[in-house]
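J.: Structure below; questions to follow.
Number of protein chains: 2
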Amino acid sequence: MENPLDTGLRDFIGYNLRRASNAVMSDAARVLEPLGLRVTTFSALSVICDTPDVTQSHLAATLNMERSNTVLIIDALEQAGLIGRHRMESDRRSYALRATLKGIQTRKEAVAALASHEDRLFAQLDAAERAQLVLLLRRIEIPE
Amino acid sequence: MENPLDTGLRDFIGYNLRRASNAVMSDAARVLEPLGLRVTTFSALSVICDTPDVTQSHLAATLNMERSNTVLIIDALEQAGLIGRHRMESDRRSYALRATLKGIQTRKEAVAALASHEDRLFAQLDAAERAQLVLLLRRIEIPE
DNA sequence: TAAAGTAGTTATGGATCATAGCAATAAGCG
DNA sequence: CGCTTATTGCTATGATCCATAACTACTTTA
Numbered sequence: 001m002e003n004p005l006d007t008g009l010r011d012f013i014g015y016n017l018r019r020a021s022n023a024v025m026s027d028a029a030r031v032l033e034p035l036g037l038r039v040t041t042f043s044a045l046s047v048i049c050d051t052p053d054v055t056q057s058h059l060a061a062t063l064n065m066e067r068s069n070t071v072l073i074i075d076a077l078e079q080a081g082l083i084g085r086h087r088m089e090s091d092r093r094s095y096a097l098r099a100t101l102k103g104i105q106t107r108k109e110a111v112a113a114l115a116s117h118e119d120r121l122f123a124q125l126d127a128a129e130r131a132q133l134v135l136l137l138r139r140i141e142i143p144e
Numbered sequence: 145m146e147n148p149l150d151t152g153l154r155d156f157i158g159y160n161l162r163r164a165s166n167a168v169m170s171d172a173a174r175v176l177e178p179l180g181l182r183v184t185t186f187s188a189l190s191v192i193c194d195t196p197d198v199t200q201s202h203l204a205a206t207l208n209m210e211r212s213n214t215v216l217i218i219d220a221l222e223q224a225g226l227i228g229r230h231r232m233e234s235d236r237r238s239y240a241l242r243a244t245l246k247g248i249q250t251r252k253e254a255v256a257a258l259a260s261h262e263d264r265l266f267a268q269l270d271a272a273e274r275a276q277l278v279l280l281l282r283r284i285e286i287p288e
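So this is what it looks like as structure tokens:
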């Protein structure tokens, strides 16, 4: 009992992209939830772990979000004890964001959880195909 | 001046999927706006054009959305004169949705606009690579 | 030193999405 | 037939997400 009412839409790459992205994101959210993370907070935590003393503006630019929207995300990570805001001497406007030990540990657990989540969702694709998919995705023109 | 602060995230297919999907969707929205369509209303219109007398429930199932959320979308399409709700004699609970001539024409223009939008965004990929991308995306396990 | 720019923040509104519950109608079953 | 259950479309509502504007503190530029 297939349901190919969307055959006309399936020709658009964007339609398939959105479907896949929605499915993967909602499953990722489900997997991260027990760790107290959402997709966006995980992304921020991950960048902060890999880039000690990054600023909120720099983080926002990296993750393609508005500076204003980083505030609540950073608040959540800070209140969970996963990162800290540290004043910079060189520029007292910015905060230097640093992950705590707990933050690094939580990030590690999240990465493991997400890895098995992706193994499940992309079970139909072998390693070469997954790599191919990532390469294709990264070659898409991002406007601005 | 690259900005590879997200190197740890780039390994996740989901991260690349979301980035690509967001970029493509916002550009698609921009392209559809002059036609008075949003991405979701275009998707619904497209299915209705290809499936005369489809019901709202069937449409919702096809597009992976809740029945309740189709109502406003169908309202918008109907008020724009692109589709009509028709009572079914066989089942007086459901509406049979049918595109009007204007709806069919608008859908055609939207498809053309989206085709050139995809040509622009996926300029880095040749036809074979685009087909490959679609095939990979469609092989992803969609839970439920 | 005055003007312009930047970092973080607050407030706010729009768009999207999921849930619960309703009335009308249909289907299943005694 | 009558009663229960299920389904369709709909309303209302709340959560989340995302973008914009405006504010302060601070820095840079002229």
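Listed in order, the protein sequences are those of chains A and B.
Start counting the first sequence at 1; every next residue gets the next number (this note's numbering).
Start counting the second sequence at 145; every next residue gets the next number (this note's numbering).
Note that the Cβ used here is the ideal one computed from N, Cα and C, for glycine as well.
Since the structure is predicted, the reported quantities are computational estimates derived from the model, not experimental observations.
1. In whole angstroms, what is the alpha-carbon distance linking glycine 228 of chain B and methionine 169 of chain B?
2. Could you confirm whether any beta carbon from chain A is found closer than 7 Å to the beta carbon of methionine 145 of chain B?
3. From what residue to what residue does the alpha helix (DSSP H) around glycine 14 of chain A run?
4. Using a Cβ-Cβ cutoff of less than 7 Å, which residues in the same chain neighbour valine 39 of chain A once the five nearest sequence positions on both sides are dropped?
5. My output table needs one value for isoleucine 248 of chain B: the three-state DSSP class, helix, strand or coil.
6. Whole angstroms is fine: what's the gap from leucine 37 of chain A's alpha carbon to leucine 63 of chain A's?
7. Assuming alanine 220 of chain B is part of the beta strand (DSSP E), what are its boundary residues?
8. Would you mind working out which of A/Arg130, A/Ala110, A/Ile140, A/Gln79 sits nearest leucine 265 of chain B, comparing C-alpha positions?
9. Just to confirm the assignment, what range does the alpha helix (DSSP H) spanning glycine 8 of chain A have?
10. Exposed or buried, which one is aspartate 6 of chain A when buried takes at least 16 other CB atoms within 10 Å?
11. Could you check what DSSP says for arginine 242 of chain B in three-state terms: helix, strand or coil?
12. Using DSSP with H/G/I as helix, E/B as strand and the rest coil, what is isoleucine 227 of chain B?
13. Pick out the complete alpha helix (DSSP H) segments inside the stretch 33-61 of chain A, 4 residues or longer, and give them in chain order.
14. Mind checking if leucine 245 of chain B is an interface residue toward chain A, Cβ cutoff 7 Å exclusive?
15. Please name the residue in B/Gln223, B/Ala224, B/Ser234 whose C-alpha comes closest to that of threonine 199 of chain B.
16. Locate the alpha helix (DSSP H) running through arginine 274 of chain B, then write down its first and last residues.
17. Please name the residues in the stretch 31-63 of chain A whose beta-carbon is closer than 8 Å to at least one beta-carbon of chain B, in chain order.
18. Taking the alpha carbon of proline 34 of chain A as the reference point, which residue from A/Asp119, A/Glu109, A/Ala115, A/Glu118 has its own alpha carbon closest?
19. Report the rounded CA-to-CA distance for tyrosine 95 of chain A versus leucine 59 of chain A, giving the unit in angstroms.
20. Going by the CB atoms, is the gap between leucine 153 of chain B and serine 46 of chain A shorter than 7 Å?
21. Who are the Cβ neighbours of glutamate 262 of chain B in its own chain at under 7 Å, not counting the five residues just before and after it?
22. Can you pull the chain B neighbours of asparagine 16 of chain A, defined as C-beta to C-beta under 7 Å?
23. If I'm right that serine 165 of chain B touches serine 21 of chain A with Cβ under 8 Å, what's the distance once you round it to whole angstroms?
T.: Answer, in terms of the structure:
1. Rounded to whole angstroms, glycine 228 of chain B to methionine 169 of chain B spans 27 Å at the Cα level.
2. Any answer about methionine 145 of chain B is weak, because its pLDDT of 39 lies below 50 and its placement is not dependable; what the coordinates show is given next. So, not an interface residue.
3. Counting along the chain, the alpha helix (DSSP H) containing glycine 14 of chain A begins and ends at 13-32.
4. Same-chain partners within the cutoff: Met25, Ala28, Ala29, Leu32.
5. Per DSSP, reduced to three states, the secondary structure at isoleucine 248 of chain B is helical.
6. Spanning the two alpha carbons is a distance of roughly 16 Å.
7. Per DSSP, alanine 220 of chain B lies in no beta strand (DSSP E); the unbroken alpha helix (DSSP H) holding it starts and ends at 211-223.
8. It is A/Ile140 whose Cα lies nearest to the Cα of leucine 265 of chain B.
9. First-last of the alpha helix (DSSP H) with glycine 8 of chain A: 7-10.
10. Counting Cβ neighbours within 10 Å, aspartate 6 of chain A comes out buried, since at least 16 surround it.
11. The DSSP-derived three-state label of arginine 242 of chain B is strand.
12. Strand.
13. Within the stretch 33-61 of chain A, the runs of alpha helix (DSSP H) at least 4 residues long that lie entirely inside it are, in chain order, 39-50.
14. For leucine 245 of chain B, the answer is no, since every Cβ of chain A falls outside 7 Å of its Cβ.
15. Closest option to threonine 199 of chain B, Cα to Cα, is B/Ser234.
16. Looking at the DSSP string, the run of the alpha helix (DSSP H) that includes arginine 274 of chain B is 271-282.
17. Taking 8 Å as the Cβ-Cβ cut-off, the stretch 31-63 of chain A approaches chain B at Val39, Ser43, Ser46, Val47, Cys49, Asp50, Thr51, Val54, His58, Leu59, Ala61, Thr62, Leu63, given in chain order.
18. That would be A/Glu109, whose Cα lies nearest to the Cα of proline 34 of chain A.
19. Distance between the alpha carbons of tyrosine 95 of chain A and leucine 59 of chain A: 11 Å.
20. Closer than 7 Å, so yes.
21. Taken in chain order, the list of residues that qualify is empty.
22. Going along chain B in sequence order, the residues near asparagine 16 of chain A (Cβ under 7 Å) are Val278, Leu281, Arg282.
23. About 4 Å; that satisfies the 8 Å criterion.
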